[in-house]
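Asks: Below you will find the structure I want to go over with you.
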Amino acid sequence: MIVMKRILIFAVAACLVVSLCACGAKKEEETPTYEDYVSTGSTALDDKDYEKAQENFADAVTLDSKQTEAYFGLYEAYMGLEDVESAEQALSDGIAETGNEDMKRILDNLKDPDASSGATEDDWSGESSSSESSSGETSSGETSTGK
């Protein structure tokens, strides 16, 4: 009888220990990755939630300052918030960390829009800015004399 009592007390104590350990154990939370922040930021940009985008891209930069995507996202978020100064700073920081040439061009155009690369809207649409064709004919069909 005494042996039976001891076994019962031991079993109850073991159950209590196991249940207390299970209650105290917290589920491990996953720490968001750079890719998680960029993905959430990109979705926020698509939804025009520029504040959320800015927060996520800033967190992405904190995790990995050598990746360009987060800096471009920050730039777009700040432009959406109409905060040109912060957009310029995001590009400047990105250039300092990555040396990215595209960021340099965008920053130069932000600071001096008139000093762009010389490309025109016609260049982007594939249209010729001249009315003369490669065969020397004008758009009216006459041959150019070169004078």
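Residue numbering for the sequence shown is 277 to 423, as defined by the numbering used here.
Quick reminder that beta carbons are idealized off the backbone N, C-alpha and C, glycines included.
(1) Compare the Cα-Cα distances from residue 386 to each of 352, 373 and 372 and report the closest residue.
(2) For a quick check, are the C-beta atoms of residue 329 and residue 320 less than 8 Å apart?
(3) For residue 383 and chain D, any beta-carbon pair shorter than 8 Å?
(4) How far does the alpha helix (DSSP H) with residue 385 in it extend, from its first residue to its last?
(5) Label residue 360 either buried or exposed according to how many other C-beta atoms from any shown protein chain fall within 10 Å of its C-beta, with 16 as the threshold for buried.
(6) If I measure Cβ to Cβ from residue 380 and keep anything under 7 Å in the same chain, skipping five residues before and after, which residues do I get?
(7) Got a sec? Which residues, its chain only, sit under 6 Å from residue 350 by beta carbon, not counting five neighbours each side?
(8) According to DSSP, simplified to helix, strand and coil, what is residue 341?
(9) Just how far apart, CA to CA, sit residue 315 and residue 322?
Replies: The short version:
(1) 352
(2) yes
(3) Among the protein chains of the structure shown there is no chain D, as only one such chain exists.
(4) 377-387
(5) exposed
(6) Within the same chain, residue 380 has close Cβ partners 371.
(7) 333 and 366
(8) coil
(9) 11 Å
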